[in-house]
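Inspection log for the structure reproduced underneath, given as structure tokens.
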Amino acid sequence: MSIYYFLYYRAIFLIFILGVISCQNFKNYSSNEVKQGPRIFELLSPVESGISFRNQLTEGLNTNVLMYEYFYNGGGVAIGDLNNDGLDDIYFTGNMVSNALYLNRGDLKFDDITDIAGVGGREGPWTTGVTMADVNGDGWLDIYVCYSGNLPPEKRKNQLFIHQGLDKNGMPIFEEKSEVFGLDIDSYSTQALFFDFDLDGDLDMFLLNHNPKSLPVLDESSTKDLLSRKDPSGSQLFRNDQGKFIEITEAAGIKNSALSYGLGVGAADLNGNGYLDIYVSNDYTATDYLYFNNGDGTFSELSQYALGHISQFSMGNELADFNNDGLIDIYTLDMLPEDNRRQKLLMSPDNFEKYQFIVNVGLHHQYMRNMLHLNNGNGRFSEIGQISGVSNTDWSWAALFADFDNDGWKDLFVSNGYRRDYTNLDFLRYMGDFIQNHRGNLKRENILELVSKIPASDISNYVFKNNREEGFINVTKDWGLFNPVNSNGAAYADLDNDGDLELIINNVDSPAFIYKNQTQETLPLNWLQIELKGDGENQFGIGARIYLYEGNNLQMQEQMPTRGYQSSVSYKIHFGLGSISEIDSLVIIWPGGKSETVKNIKSNSRLILDQRNSKNQELRNSEKTGKPIFRNSDSIGEIVHSSIFNDFKRQPLVPNPISGTKLAMANGDLNGDGLEDIVVGGFIGQSVQIFFQNRNGVFHNVTKEKSVDNSINFEDTAALIFDANGDGRMDIYIGSGGYGNLIPNDLRLQDRLYLNDGNGDFYRKEDALPIMLSPTNVVISSDFDNDGFPDLFIGSGVIPGHYPLSSNSYILKNKKDGFFEDVTSKYFPELKNFGIVKDAKWFDLNGDGQEELILVGEWMPISIYAFNGGRFVNVTSKYLEQEYRGWWNTVELEEVGGQKVLIVGNYGLNSQFKASIDEPLQLFFKDFDQNGSIDPILTSYVNGISYPFLTRDELLDHFTFLRSKFNSYESYADAKIDDIFSKDELKGAGHLKAYYLDTKMFVLGKDNFFQEVKLPIQVQYAPTHKVVFIDHFGEEYLLFLGNQEKSRLRIGKIDANFGVLISIKDLNNPKYIPQNKSGFNIAGESRNAVKIGKNKVVVNVLDSSLQVYEK
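Residues 1 to 1111 (the UniProt record's numbering) make up the sequence shown, in order.
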């Protein structure tokens, strides 16, 4: 592939990261350089540890990042006790230097025994990952080393160093025997993972490979053809047949194509069936793969079912139970920077066409950030990396979950860095000019000159303390890990056997890091370490699962040393115990299903568990799943397809989608048989659907028999079933909305009233409603004037094409004959351009028999109005002690146990956006470029400073007059709103704020003020669009529904809500019910729902039929 083509391909298909931090040498990385708070880690110098390994890269005409894209991807680390002295030894791989083996002499002192052991590896490039595993089942750990690079096949053959025992001096001796075992593979390998996937007692191997060249994703047919053909760069699966490894990749269902850029592989039992599953992280546009083990020698790739979205440039990954719920979660790394400056220097504008193309060819929904996939225990995962605080760690490689401070919760280490930021946007512009100037005469010397112009960067690694349900806290500086350097492979081990975990890190161009853990010296907490003695050829018990129990506390780990990036960790399984001095019980489940229970275990001890002591026994509830509360009993009706309109094309600067965010749904007895029926709206091209319920609780779609079937030209955004004309029969009100395809005062915005003719049909009464050409978001009824007839509140949204300008909302008085009069100016004149009303509720808050009106919306405060003295009066301050401005979507009120409960659904906390009173989200809007349209500029705080959310390209594409001001990405990187526009330009601009993004719950107190009650964090995983109160024979619940799938690409899908069920038995302490126990498994965008009777909920999910759940 030509250099010219490669550079431009990367410019198109990567979303970029940047750091310009000057290179430093090792002496600047001393452990005393940064000190902030209590330290956990102390960086040992090479003199102290005896480890001088340095993965030095030498750039040359044929060896640079423009000749081999993975030039800076670094080497790996493997940990294991190679001489059975109880101390873990260390093996490092070097890309262009010899590999090195260090023998642990105790007290964190090491000797280089590479030559003695015979494990230096092949001379010359390009070594990648390393794994220690007992490949032949003799009780000694062997070493498998991977190779890659733009090299001949003989130089890419992987090596297997088989342990030959100890020499007379007690030194481990190895022989290279890859050919004997069938493992002399010359693919472009990143890492080998040894595991017993078929439970036959020996170790098989998954080989992670990558293509050394970038392949263009050109069109759907060629890409699908590429994915269907086997290629040497695709990953491979090998079955161990009596000591000989046989490739079974295709037969086992493993994807193997040229579109493979494997950088991370992990294995774990993700679904609890006793077999190890596989997660593969792929770089570039290649999709990640999630292989579920079928237990019959085959795998099913189910990433698109199990995961709502994935990392785009996936690096290393980690599979571990980070939240102590007994389920293995998935964490993948990408390249999104933490700070505004680096994001602005690197981020390309949203490209919806390319994004949709990638989705269409089957490469999944990909976004450039780390992903933390929480295992819901029902085959699906909720991605919660942003709310957990671990989504932005820059150009990251290895992820390791381990309890570094011994408090009983796994912390997170992330290695970081890339020697040269050849994706710097200013550099790419320079590169384009450079290539153009040398067109037809581009030599290797020119390429090396170009490489020298790429900005260099050293970025610190990250370490996060597990803060339980509150996510993770960045403690990199506090714990002593802030050292700017380019790190890649990493591993953990208790190298000095003192009860805490050291970190071992392989760096590019710097000596390897050995971080001594000082937890036991500074703040000693309890711990437990376990070694496994397997039966048969799986001598180290790979795949075994261990549960620890103490009271209501649970911890779980699996024996799987290959993890992180190009590395393998210690075989000693380490548990932090905090203040726990004795474990109630330990349960180990060995591969194959036999288990052993050990009780009353003292802390600060080491156990050896032998598989020969295991037997078949009944498992505790933590190891198996009981019957869920709700079940998905039916799917009814036609699929309601999501809106086809891209609002970001209509008005490029809007922060959130508008079309399709509201969908009509209502329930009531439409045919007078005493049973609740359902009305559901549709988007453009879809009619309203009507469902009649029969005596067996089954719903039948009767839409084709009704006159509402002619409503396909409207976007149905709100619905109400009520008796409009006082004839005792239920009528149907349908609100019309929309945005992307409409103009202001569009006739398709007119709401519709369908009257019940008493014969089972409904007819539209054309003149029943006043002309209201505003997009309706909500319609609710209440007899506010107490004349015995229901009046209406109509809440409206955004004027099409003019976000955030709002349309008029309305008060309609029932004239007692099925006709409604607009009385807004008389009773509620403030409703003119009131705001973007998303939802409303009537509710008698003070028990005076008159219902108050509660209003919520985008950029709006929660507002409460009472009808008093012939008009609506704002009484919010009588019920709320402060102003709650947010991006509110929905509101619900219910009386629970004699107390009034208010729930307001918001955007949630699982995005790049954060907001508070001190650091609000802000929107500045005006026709800045005087072209007749409104320009909304969103700003948000990053590290204490408010910056515009737009990238430079997005800004200049819209405001061409700013090109001279921001003639480089560097010039825009630190720009704030008042750097972009002058005071005069900002004069007259609208200014909106949002202080809260979290969904909130309030309980009305005796003082008549609503008191906030903290909701479980799971409620904040996604935008809430509907809340359902469920009271089933004394068991009271809240069901939160939502998600948002059509965000700006930098935000991506927010889809972690599968129906979040909360128990409110104790109103002051709501409890989350895990998905596998609640039974809700609703994937996609839930826009509305109704409760039918006591035990049934019908949920409206976009791109799906109605989902019926019942208890």
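Even glycine gets a Cβ: it sits at the ideal position worked out from N, Cα and C.
| Residues that W887 bridges to, as DSSP identifies them | Counting from 1 along the sequence shown, the entry for residue 887 is found at position 887. For W887, the beta-bridge partners assigned by DSSP are E858.
| message | By alpha-carbon positions, which one of S1063, G316, I583 and D277 ends up nearest to I1030? | response | Numbered from its first residue, the sequence shown carries residue 1030 at position 1030. The residue with the shortest Cα to Cα distance from I1030 is S1063.
| Cβ distance (whole Å) where A1056 is taken to contact N906 below 8 Å | Along the sequence shown, read from residue 1 onward, the residue named residue 1056 stands at position 1056. Along the sequence shown, read from residue 1 onward, the residue named residue 906 stands at position 906. The pair is not a contact, with the Cβ atoms about 15 Å apart (cut-off 8 Å).
| Rounded separation between R545 and M560 - CA only | To locate residue 545, count along the sequence shown from 1; it is residue 545. To locate residue 560, count along the sequence shown from 1; it is residue 560. Answer to the nearest angstrom: the Cα atoms are 9 Å apart.
| task | Indicate the three-state DSSP secondary structure (helix, strand or coil) for E1045 in the structure shown. | result | By one-based count along the sequence shown, residue 1045 stands at place 1045. Here E1045 sits in coil by DSSP.
| request: For V485, I'd like the list of residues in its chain whose CB is within less than 7 Å of its CB, leaving aside the five on either flank, ordered along the chain. | output: Residue numbering aside, residue 485 sits at position 485 when the sequence shown is read from its first letter. Within the same chain, V485 has close Cβ partners Y29, G417, D458, N507 and S510.
| task | Excluding the 5 residues preceding and the 5 following Q24 in the sequence, name in chain order all residues of the same chain whose CB lies nearer than 6 Å to its CB. | result | Reading the sequence shown from its first residue, position 24 is the one you call residue 24. For Q24, the pLDDT reaches just 30, beneath the cut-off of 50, and the residue's location in the model is therefore unreliable, although a value from the coordinates is still provided. So the list is empty, once near-sequence residues are dropped.
| field | Secondary structure of D584, DSSP reduced to three states | value | Indexing the sequence shown from 1 puts residue 584 at position 584. Of the three classes helix, strand and coil, the one that applies to D584 here is strand, per DSSP.
| Going by beta carbon distance, what residues of the same chain come within less than 6 Å of R10, once the five residues before and after it are set aside? | Within the sequence shown, numbered from 1, the residue matching residue 10 stands at position 10. Any reading at R10 needs caution, since the residue's pLDDT is 39, under 50, leaving its predicted position unreliable; the model's value is listed next. The answer is none, since no qualifying residue turns up.
| task | Can you have a look at L61 and say buried or exposed, based on whether 16 or more other CB atoms are within 10 angstroms of its CB? | result | The residue labelled residue 61 in the question sits at position 61 within the sequence shown. Burial call: exposed.
| query | Fully enclosed by the stretch 404 to 474, which beta strand (DSSP E) runs are 3 residues long or longer? | reply | With a minimum length of 3 residues, the continuous beta strand (DSSP E) runs that stay inside the stretch 404 to 474 are 411 to 416, 462 to 466 and 472 to 474.
| query | Do the stretch 354 to 367 and the stretch 208 to 228 meet, that is, are 3 or more Cβ pairs less than 8 Å apart? | reply | Yes, since at least three Cβ pairs between the stretch 354 to 367 and the stretch 208 to 228 fall closer than 8 Å, the two stretches touch.
| field | Environment of L742 [buried if 16+ CB atoms lie within 10 Å] | value | Position 742 of the sequence shown, counted from the first residue, corresponds to residue 742. It is buried - the Cβ of L742 has at least 16 other Cβ atoms within 10 Å.
| query | Taking C-alpha atoms, which residue in N294, N351, D979 and A1022 lies nearest to T999? | reply | The residue given as residue 999 occupies position 999 in the sequence shown. Nearest C-alpha to T999: A1022.
| query | Considering only the beta carbon of each residue, do N1100 and M730 sit closer than 7 Å? | reply | Indexing the sequence shown from 1 puts residue 1100 at position 1100. Indexing the sequence shown from 1 puts residue 730 at position 730. No Cβ-Cβ contact shorter than 7 Å links N1100 with M730.
| request: Mark K813 as exposed unless 16 or more other C-beta atoms lie within 10 angstroms of its C-beta, in which case mark it buried. | output: For the purposes of this step, residue 813 is taken as residue 813 along the sequence shown, with counting starting at 1. Buried.
| Do you know whose CA, among E1045, Q566 and L237, lies nearest T298's CA? | For the purposes of this step, residue 298 is taken as residue 298 along the sequence shown, with counting starting at 1. Ranking the options by Cα distance to T298, first place goes to L237.
| message | Does A100 come out as helix, strand or coil in the three-state DSSP assignment? | response | Within the sequence shown, numbered from 1, the residue matching residue 100 stands at position 100. Three-state DSSP puts A100 in a strand.
| task | Express the C-alpha separation of N378 and V1108 in angstroms, rounding to a whole number. | result | As a working mapping, residue 1108 is identified with position 1108 in the sequence shown. As a working mapping, residue 378 is identified with position 378 in the sequence shown. Roughly 18 Å between the two C-alpha positions.
| query | Sorted by chain position, which residues of the same chain lie with C-beta nearer than 6 Å to G835's C-beta, five sequence neighbours on each side aside? | reply | Within the sequence shown, the letter at position 835 stands for residue 835. So the qualifying residues of the chain are S806, G857 and M860.
| request: Can you tell me which of the three DSSP states I678 falls into? | output: Numbered from 1 along the sequence shown, position 678 holds the residue referred to as residue 678. In the structure shown, I678 falls within a strand segment according to DSSP collapsed to helix, strand and coil.
| Among S863, L769 and E176, which residue has its Cα nearest to the Cα of R122? | Within the sequence shown, numbered from 1, the residue matching residue 122 stands at position 122. For R122, the nearest C-alpha among the options comes from E176.
| query | Mapping DSSP to helix, strand and coil, what is F961? | reply | As a working mapping, residue 961 is identified with position 961 in the sequence shown. DSSP places F961 in helix when its eight states are reduced to three.
| query | Which stretch, first to last residue, makes up the alpha helix (DSSP H) that contains Y305? | reply | On the sequence shown, position 305 is the one that residue 305 refers to. Unbroken alpha helix (DSSP H) run through Y305: S303 to A306.
| For F820 and P770, believed in contact at Cβ under 8 Å, the rounded distance | What you label residue 770 is simply residue 770 of the sequence shown in a count that begins at 1. What you label residue 820 is simply residue 820 of the sequence shown in a count that begins at 1. About 7 Å separates the two Cβ atoms, so the contact holds.
| task | Assign F1050 to buried or exposed, taking buried as 16 or more other Cβ atoms, counted over all protein chains shown, within 10 Å of its Cβ. | result | Taking the first residue of the sequence shown as position 1, residue 1050 is located at position 1050. This sequence places Arg at residue 1050; Phe is not what is there. So R1050 ends up on the buried side.
| For M205: DSSP bridge partner residues | What you label residue 205 is simply residue 205 of the sequence shown in a count that begins at 1. Assignment of beta-bridge partners to M205 by DSSP yields F194 and F238.
| query | When the Cα atoms are used, what is the spatial distance from Q386 to L1038? | reply | Start at 1 with the first residue of the sequence shown, and residue 386 comes out as number 386. Start at 1 with the first residue of the sequence shown, and residue 1038 comes out as number 1038. The straight-line gap separating the alpha-carbon atoms of Q386 and L1038 is approximately 24 Å.
| According to DSSP, what are the bridge partners of L66? | As a first step, residue 66 must be located in the sequence shown, where it is residue number 66. Answer is none; L66 lacks a bridge partner.
| task | On a CA-only basis, which of S863, P628 and H802 is nearest R650? Give me that one, please. | result | Locating residue 650 in the sequence shown gives position 650, where the first residue counts as 1. Ranking S863, P628 and H802 by Cα distance to R650 puts H802 first.
| message | Quick check on K1096: does DSSP put it in helix, strand or coil? | response | Here residue 1096 refers to the residue found at position 1096 when the sequence shown is read from its first residue. Three-state DSSP puts K1096 in a strand.
| E676 versus S281: straight-line alpha-carbon distance, rounded | Start at 1 with the first residue of the sequence shown, and residue 676 comes out as number 676. Start at 1 with the first residue of the sequence shown, and residue 281 comes out as number 281. Rounded to the nearest angstrom, the two C-alpha atoms are 49 Å apart.
| said: Quick check: V1028 and K1077, are their CB atoms within less than 7 Å of each other? | reply: Taking the sequence shown and counting its residues from 1, the one referred to as residue 1028 is at position 1028. Taking the sequence shown and counting its residues from 1, the one referred to as residue 1077 is at position 1077. No; because the gap between Cβ atoms is not below 7 Å, this pair is not in contact.
| said: Taking DSSP's pairing of strands, which residues face T745 in a bridge? | reply: Here residue 745 corresponds to residue number 745 of the sequence shown, with the count starting at 1. One detail in the question is off: residue 745 reads as Asn in this sequence, not Thr. N745 pairs with nothing; no bridge assigned.
| field | Alpha-carbon spacing of D115 relative to V97, whole angstroms | value | Within the sequence shown, the letter at position 115 stands for residue 115. Within the sequence shown, the letter at position 97 stands for residue 97. Roughly 14 Å between the two C-alpha positions.
| query | Is E623 helix, strand or coil by DSSP? | reply | Along the sequence shown, read from residue 1 onward, the residue named residue 623 stands at position 623. With a pLDDT of only 49 at E623, under 50, the local geometry of the prediction cannot be trusted, and the value read off the model is given with reservation. In the three-state DSSP reduction, E623 falls in the helix class (H, G or I).
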